[in-house]
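Scroll down for the structure; my scribbles are underneath it.
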Amino acid sequence: MNSAHIGLNNIIKTFQHSVKGRVTAVDDVSLEVGQGELLTLLGPSGCGKSTTLRMIAGFEVPDSGRVSIAGKDVTAVMPNRRNIGFVFQNYALFPHLNVFENVAYGLRVKGMSGGEIDHAVHEALDLVALPGYERQFPNQMSGGEQQRVALARAIVINPSVLLFDEPLSNLDAKLRVKTRGEIRRVQRSLGTTSIYVTHDQEEAMAISDRIAVMNQGRIEQVATAEELYFQPVSEFVAGFIGKVNKVGGIVESADTETATVTVFGHPYRISHPGLSLASKQTVDVLVRPQFVQIVPSVSEGHFAGTVVEKVFLGEKIEYTIKANAELLSVSSAQQFDRQIFNSQQVVGIVLHESTLRILDN
């Protein structure tokens, strides 16, 4: 990662709730975002991600801790003096102003000349693929077009930082995919340091350089999409970034890097860098549904299971398999010669050591 452009140091923010009393929305969060990086804050509703973003923007003031942008402490600096561009969930366009005036608004506040404004607005609209839309009004445009106007308004002021607060949640699924690609294209073109908030794990994985997974006001893990998927540090992260099975295992032996763990009566040598494990210790083992292989018959190295449920989804079939009183989710991608298993059929189950992960409890 490049040198930190946005820094959060031990940020805490609490609110008074009418029913719950004092609630800690953000609980001792520290984070660094590199110059030109797009980092996503990902987590469920109420985890503190939007509150964190609003403190970076200056819309909320932390109870304690420090916010810095480009090496400058901005914790007590007003939002309009932080040189940020903010893209809101509901677009926040002025309905009585046309596209040109919506995009030009921040430039007029800065006191730029008419010629400078005209050039900057047309340049921003070109960048978001809306040339010729200057005289359109928001109510004459689709949701995706309005969101691109909101993006143009955010980037036209040449901000030091771009902040996105669930900008695609009001769009349909197909338009979300298209618009997130446009946001990523514009961000890469400009090289602007950006923080993006979403609860959609696929959106986060598609758009981010790194992802910070939040839960109950804290950051559980910060990593690339690949690292979060293959090397989650907690069950919460594993379950939020895709689907995961958690099965019981017993440690037979362990050294500093690997452990032999018995799962469903079979030994597996599993990598566990950084964990301290003891013989006969009970552990949880995580495995993704698509890494569980099912075969027509049970043979050496396999263990038996019974198909409880089958859901055909075209490009894949999702099975629920019962094995040793535990339920396993299995996702089987279809090939032309792949066998389809039916409910109540006894099958063999194969786990591959490289796809197993011991959970750090």
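Numbering (the working numbering), first residue to last: 329 to 689.
Ideal Cβ positions, reconstructed from N, Cα and C, are used throughout, including at glycine.
Residue interval of the alpha helix (DSSP H) (run including residue i)
{"i": "PHE564", "result": "563 to 568"}
{"i": "GLY443", "result": "442 to 455"}
{"i": "GLN344", "result": "Taken as a continuous stretch (DSSP letters only), GLN344 belongs to no alpha helix (DSSP H), being part of the beta strand (DSSP E) at 332 to 345."}
{"i": "TYR557", "result": "553 to 558"}
{"i": "ILE668", "result": "Unbroken run through ILE668: none, as it is neither H nor E."}
{"i": "GLU531", "result": "529 to 535"}
Contacting residues, own chain, Cβ-Cβ under 8 Å from residue i (five flanking each side not counted)
{"i": "GLY434", "result": "ARG481, VAL484, ILE485"}
{"i": "ASP401", "result": "ARG394, VAL395"}
{"i": "SER671", "result": "VAL635, VAL636, GLU637, LYS638"}
{"i": "VAL474", "result": "Note on identity: in this sequence residue 474 is Gln, with Val being the wrong assignment. Only TYR419, LEU421, PRO466 meet the Cβ criterion."}
{"i": "SER607", "result": "VAL579, GLU580, SER581, ALA582"}
{"i": "GLY629", "result": "HIS594, VAL678"}
{"i": "GLN559", "result": "ALA551, ARG685"}
{"i": "GLY570", "result": "GLN529, TYR557, ARG616"}
{"i": "ALA385", "result": "PRO407, ARG410, ILE412, PHE414, LEU491"}
Delimiting residues of the beta strand (DSSP E) encompassing residue i
{"i": "SER358", "result": "349 to 362"}
{"i": "VAL477", "result": "It is not in any beta strand (DSSP E) - VAL477 instead sits in the alpha helix (DSSP H) that spans 471 to 483."}
{"i": "GLY676", "result": "674 to 679"}
{"i": "ARG538", "result": "538 to 543"}
{"i": "VAL437", "result": "Element bounds for VAL437: not the beta strand (DSSP E) but the alpha helix (DSSP H), 427 to 437."}
{"i": "THR368", "result": "366 to 370"}
{"i": "GLU388", "result": "Neither: GLU388 is in no beta strand (DSSP E) and is coded neither H nor E."}
{"i": "GLU654", "result": "654 to 661"}
{"i": "PHE422", "result": "Element bounds for PHE422: n/a, residue is neither H nor E."}
{"i": "VAL415", "result": "412 to 415"}
{"i": "ALA651", "result": "644 to 651"}
Rounded separation between residue i and residue j - CA only
{"i": "ARG685", "j": "TYR524", "result": "29 Å"}
{"i": "ASN330", "j": "GLN363", "result": "Low per-residue confidence applies at ASN330: pLDDT is 47, beneath 50, and the placement is therefore not dependable enough to give any value."}
{"i": "LEU656", "j": "THR552", "result": "27 Å"}
{"i": "VAL306", "j": "ILE334", "result": "The chain is shown only over 329 to 689; residue 306 falls outside these bounds and no answer can be derived."}
{"i": "HIS450", "j": "ALA534", "result": "28 Å"}
{"i": "TYR407", "j": "MET383", "result": "The sequence shown places Pro at residue 407, not Tyr. Looking at the two C-alpha atoms, the distance is approximately 9 Å."}
{"i": "ILE339", "j": "GLY371", "result": "17 Å"}
{"i": "VAL477", "j": "VAL427", "result": "7 Å"}
{"i": "PRO595", "j": "ASN573", "result": "18 Å"}
{"i": "ALA398", "j": "THR648", "result": "50 Å"}
{"i": "GLU376", "j": "ALA540", "result": "It is Gly, not Glu, that sits at residue 376 in the sequence shown. Approximately 12 Å between the Cα atoms of the pair."}
{"i": "VAL505", "j": "SER627", "result": "43 Å"}
{"i": "GLU555", "j": "PRO601", "result": "14 Å"}
{"i": "PHE285", "j": "ALA566", "result": "Past the edges of the chain, shown from 329 to 689, lies residue 285, and the structure says nothing about it."}
{"i": "PHE619", "j": "GLN667", "result": "17 Å"}
{"i": "GLU444", "j": "PRO423", "result": "24 Å"}
{"i": "LEU503", "j": "GLU462", "result": "22 Å"}
{"i": "SER470", "j": "GLY374", "result": "29 Å"}
{"i": "GLY509", "j": "ASN498", "result": "16 Å"}
{"i": "THR584", "j": "LEU359", "result": "29 Å"}
{"i": "VAL351", "j": "LEU496", "result": "28 Å"}
{"i": "LEU425", "j": "SER441", "result": "19 Å"}
{"i": "LEU479", "j": "THR521", "result": "14 Å"}
{"i": "SER378", "j": "LYS438", "result": "27 Å"}
{"i": "ASP391", "j": "GLY545", "result": "14 Å"}
{"i": "LEU605", "j": "ALA653", "result": "26 Å"}
{"i": "VAL347", "j": "ASN430", "result": "39 Å"}
{"i": "LYS341", "j": "ASP356", "result": "8 Å"}
{"i": "THR507", "j": "GLU563", "result": "31 Å"}
{"i": "VAL389", "j": "LEU381", "result": "11 Å"}
{"i": "LEU518", "j": "GLY642", "result": "39 Å"}
Any non-hydrogen atom of the ligand MG within 6 Å of residue i CB
{"i": "VAL565", "result": "Absent from the structure shown: the ligand MG. Ligands present: none."}
Cβ shell of residue i (< 6 Å), same chain only, five flanking positions each side left out
{"i": "PHE669", "result": "VAL635, VAL675"}
{"i": "ALA661", "result": "LYS644"}
{"i": "ARG597", "result": "THR586, THR588, GLU681"}
{"i": "GLN609", "result": "VAL579"}
{"i": "GLN710", "result": "No statement about residue 710 is possible, as the shown extent of the chain runs from 329 to 689 and does not include it."}
{"i": "ASN337", "result": "SER358, GLY393, ARG394"}
7 Å CB neighbourhood of residue i in its chain, flanking five on each side removed
{"i": "LYS650", "result": "GLY633, THR634, VAL636"}
{"i": "ALA448", "result": "LEU435, VAL484"}
{"i": "ASP537", "result": "GLU365, LEU366, LEU367"}
{"i": "PRO459", "result": "LEU453"}
{"i": "SER599", "result": "GLU585, THR586"}
Quick one: any contact between the segment 490 to 508 and the segment 406 to 416, if contact means 3 or more CB pairs under 8 Å? For the pair of segments examined, the segment 490 to 508 was found to touch the segment 406 to 416: the number of CB pairs separated by less than 8 Å reaches three.
Whole runs of the beta strand (DSSP E) within the segment 570 to 639, excluding any shorter than 3 residues: Within the segment 570 to 639, the complete beta strand (DSSP E) runs of at least 3 residues are 573 to 582, 586 to 591, 594 to 599, 610 to 615, 620 to 623.
Alpha helix (DSSP H) runs wholly inside the segment 480 to 520, at least 4 long, in chain order: Within the segment 480 to 520, the complete alpha helix (DSSP H) runs of at least 4 residues are 501 to 518.
Quick check: the segment 359 to 377 against the segment 433 to 451, are there 3 or more CB pairs under 8 Å? Between the segment 359 to 377 and the segment 433 to 451 there are fewer than three C-beta pairs closer than 8 Å, too few to call the two in contact.
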